[in-house]
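In terms of the working numbering, the sequence shown has 1530 at position 504, counting the first letter as 1, and numbering is strictly consecutive. Every residue gets a Cβ at the ideal spot worked out from N, C-alpha and C, and that includes glycine. Since the structure is predicted, the reported quantities are computational estimates derived from the model, not experimental observations. What follows is one structure encoded as structure tokens, with my remarks underneath.
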Amino acid sequence: MGSEPDEEPSRPRLSWREGFYLVGPQPLSTPYFVSGFLLAAGVGYAAPVVQVGLYLLLLLMAPLYIEAVLLTLSNGGTYMMTRYALGHLGKLAVAVSAFVGVIISISYAVSTLACLLAYGAHIAALSQVVLGTGTIGVVALSALPALGFGIWVTPHEWRFVALRQFLVAFVALLFSAVVPDMIIATFAPIGILLRLNNIGLKPSVRVSKAIFFVNLLIMGATIVGGYVCLALQGVDWPTVWAGYGRAAPAVPLDLTFDIGIIPGLAMMSAPILLAGVGNGVLSATGVETVMNIPEELENPQRDVPKIYWAMLLTLLVVGGSLALEVFLLLPPEVLLSRSGDLVGALGYHVGSTLTGSSGVGGAWQAALVASAALMLIGAVNAGFAGSRGLWLAMTRDNLLPRALITPNPRGALARLHWLLLAAALLLGSQSDWNPLSLDRWHKAMFGLVMFSGMAAFILLRRFKGEERRVYTAPWNISLLGTRVPVAAFLGVSALSYALLTLWSASSSHLEELRTLVWVVLVLVGTVVLVYNHRPLIRAGYRYVRRVLETVESTVIDPQQRTVVVAVGGVRVGRLVSKAIDLAHQQSRTTGIPYRQVVVFHMTKGVRSEFVYRITQDSIRPEGIEGTTVRIFTELTEIAPKDLDLYLALVPHKQTPQHKSLLHAAFDSLVRFHEAHSFKGHMIMIGTYGVKPGDIEELQSRLKDTTLVPVPLFDD
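Right under this line is the structure:
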């Protein structure tokens, strides 16, 4: 029996719109709370300027993420950027990327927990206003969206869904004696999101799509109504300019600047604005998650840019409009008293102003609070998708136990979903479920994720600058021989200041987080040691087996019909799968069986040609490092039983005469073809970033062999 595949078999791919609906709720939840954060930081009436500036900064940095994703087209985000950029450093690349992976992992866990607790707070407040009851009302109100989504997505299992949610509600009531209502309210969404993600990708996308459109409808109505109110009542410009309350100090004391004043535009100073920028940058989420789902998309080269631009432009329009209306419509007294729910206060103001009825205003406010709660469910759902993509990439590099990516009977990676919940639970217990600590942790980890993303992008430009790109971020300047976009410098500067400000203001909250990061790093290091020292633990048997699987190059028989497939550092699995399918198809068409598939890879990790025979139970031999480890692992996942699969590693030989790394690889491929005397065979290459002229030139050099260019992801 062959080993069980590690990935979801034949899982459906997402269109760019579905990808947008899946990840969109994360950044689009930002407008609900960022105005309050900026008000507390002492930015005052300059908050809309800071928010719009933040959204424009994210738009400016979007090309960096797009270039990085289209270069690798792999899940993993910043982790994969770092891993790929430093691949030539071998084990050091593993250590550095493992550190980055731990940061992103904790970011997803703390973001999930923070969103769940915020959802619980919204439901508890809504229950008190709408139902006027205690815990039973909270449990019932929280169960409604979970029950509705479950029955809507899986109508044929409605009885099971109803029973499941009843049991979840019963357990929640049992825990209500020792757990606050804010946590009790999270039981229902956890149950339904875990269930839907364990069914597959499409059901969870349907939930996110419904949440997105409901939120967009309510937000759109609020924004339109707000602009009507602005036209009717005008703006109190003297207050906006001069501020409200006592004169503000020049610099905010900390990140909870709440002393009964709202600084006006005339009172602004550079330190206050910088503090606001820091709070704003660290409050924005969602840009990393897009980088963890390219393998789930139908055409990543086309879809990833569309998702980024649609997501960030929507955030600019919605978030910018809400920021303007909150600070231009609401009286200063309301801004100070309702800083934790400014969007809800805006809904009440718009509804009561347009209709003259406080009841309509209250209903509008309740709708916005309910919409915010639903959006937080969508943000948690996006966290499932993002963490799943990240941990899948880390597990392929043996940084997590490979048992985690064993699919369930439906083909979903259920163990990774449970891992996210377990991590969130541990974080909650570590922070004593303190929302303030979790808020600081969330900002710190997300800031580190974005900072490491900027650093990884610069490393990609430094060490992988010669690789062909289908997209290059604009507005570059040269620094120490490396062309770097201006957006990268702006991003690094803003994030550095934001993180330093956060540390100086909240060092007591972050000390425990630093300890937690080291604990997780030790655990990941233990996994790395276990996997890399398994040959030492079982030295005799594993050593003999490794030697047997390292074969002489003459084992590749040129008399047998062969498909040679040239691969780089990424997009390996799909290209090799196409080569195997081609061998099967040619065998059926010609009646002459193809018996060999040879995977050709040029690397600096070897000084002479090495050939490995790959089977599903092969273990990693000695002497291969960096990117080659990943290629070897992916080949073991897709190795066929009816064909001989070989991995041929040839030394990297790039001379000044070569125009690029691609042309050096072509020369090595021609030499490999001639050395093995292949005639009448087929050589396959991917066309990703390859010009038609290069293909024609390569075909002319491959004598007596057919060159098969293969478009990947419909590029």
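Nearest Cα to residue 1057 within the set 1068, 1184 and 1081: 1081. Following the DSSP letters along the chain, one finds residue 1672 inside the beta strand (DSSP E) bounded by residues 1670-1677. The alpha-carbon separation between residue 1737 and residue 1688 amounts to approximately 16 Å. Taking residue 1450 as reference, the option from 1143, 1491 and 1126 with the minimal CA-CA separation is 1143. A distance below 6 Å between beta-carbons, with the five flanking residues on each side excluded, links residue 1187 to the following residues of its chain, in chain order: 1176 and 1177. Classified as exposed, residue 1428 has fewer than 16 neighbouring CB atoms from the shown chains inside 10 Å of its CB. Nearest neighbour of residue 1357 by Cα position, chosen from 1528, 1155, 1287 and 1312, turns out to be 1287. Rounded to whole angstroms, the Cβ separation of residue 1644 and residue 1662 is 5 Å, and the two are in contact under 8 Å.
DSSP places residue 1202 in the coil class of the three-state scheme, outside both helix and strand. Cβ contact annotation for residue 1331 (same chain, cutoff 6 Å, sequence separation greater than five): 1092, in chain order.
With respect to the 9 Å criterion, residue 1598 and residue 1656 are classified as neighbours on the basis of their beta carbons.
By the beta-carbon neighbour count (other beta carbons within 10 angstroms, threshold 16), residue 1625 is buried. By the criterion of a C-beta distance shorter than 6 Å, residue 1632 is surrounded in its chain by 1675 and 1677, once the five residues flanking it on both sides are discounted. Residue 1641 carries a coil assignment under DSSP once its states are collapsed to helix, strand and coil.
The C-alpha of residue 1418 is placed about 11 Å away from the C-alpha of residue 1443.
Between residue 1495 and residue 1715, the beta carbon gap of about 7 Å places them in contact (Cβ cut-off 8 Å). Distances from the CA of residue 1456 to each of 1545, 1381 and 1128 were compared; the closest alpha carbon is that of 1545.
At the C-beta level, residue 1172 and residue 1214 come within 9 Å of one another.
Under DSSP, residue 1122 forms no beta bridge with any residue. For residue 1697, the enclosing alpha helix (DSSP H) stretches over residues 1687-1701.
Positions of the alpha helix (DSSP H) runs, each at least 4 residues long and wholly inside the region 1049-1137, are given as 1051-1054, 1060-1066, 1073-1098 and 1104-1111 in order along the chain. At the C-beta level, residue 1046 and residue 1337 come within 9 Å of one another. Annotated three-state conformation of residue 1502 is strand, per DSSP.
By the Cβ criterion, the region 1108-1122 is not in contact with the region 1385-1397, since fewer than three pairs of Cβ atoms, one from each stretch, lie closer than 8 Å. The shortest CA-to-CA distance from residue 1448 to any of 1413, 1317 and 1474 is the one to 1413. Spanning the alpha carbons of residue 1666 and residue 1483 requires a straight line of approximately 36 Å. For residue 1345, there is no enclosing beta strand (DSSP E); the enclosing alpha helix (DSSP H) has its first and last residue at 1326-1355. Runs of the beta strand (DSSP E) lying entirely within the region 1427-1468 and spanning at least 3 residues: none are present.
Here residue 1670 is buried. Its C-beta has 16 or more other C-beta atoms within 10 Å. Within the same chain, and ignoring the five residues on either side of residue 1230 in sequence, the residues whose Cβ sits closer than 8 Å to its Cβ are 1048, 1219, 1222, 1223, 1407, 1410 and 1411.
Judged by DSSP secondary structure, residue 1425 falls outside any alpha helix (DSSP H); it is assigned neither H nor E.
The count of Cβ pairs closer than 8 Å, one atom from the region 1516-1523 and one from the region 1091-1105, stays below three, leaving the stretches out of contact. Distance from residue 1038 to residue 1227 at the Cβ level is roughly 6 Å; contact confirmed, criterion being Cβ atoms closer than 8 Å. Here DSSP, grouped into helix, strand and coil, assigns residue 1294 to coil.
Under a 10 Å Cβ-count criterion, residue 1292 is classified as exposed, with fewer than 16 other Cβ atoms of the shown protein chains found around its own Cβ.
Under a 10 Å Cβ-count criterion, residue 1512 is classified as exposed, with fewer than 16 other Cβ atoms of the shown protein chains found around its own Cβ.
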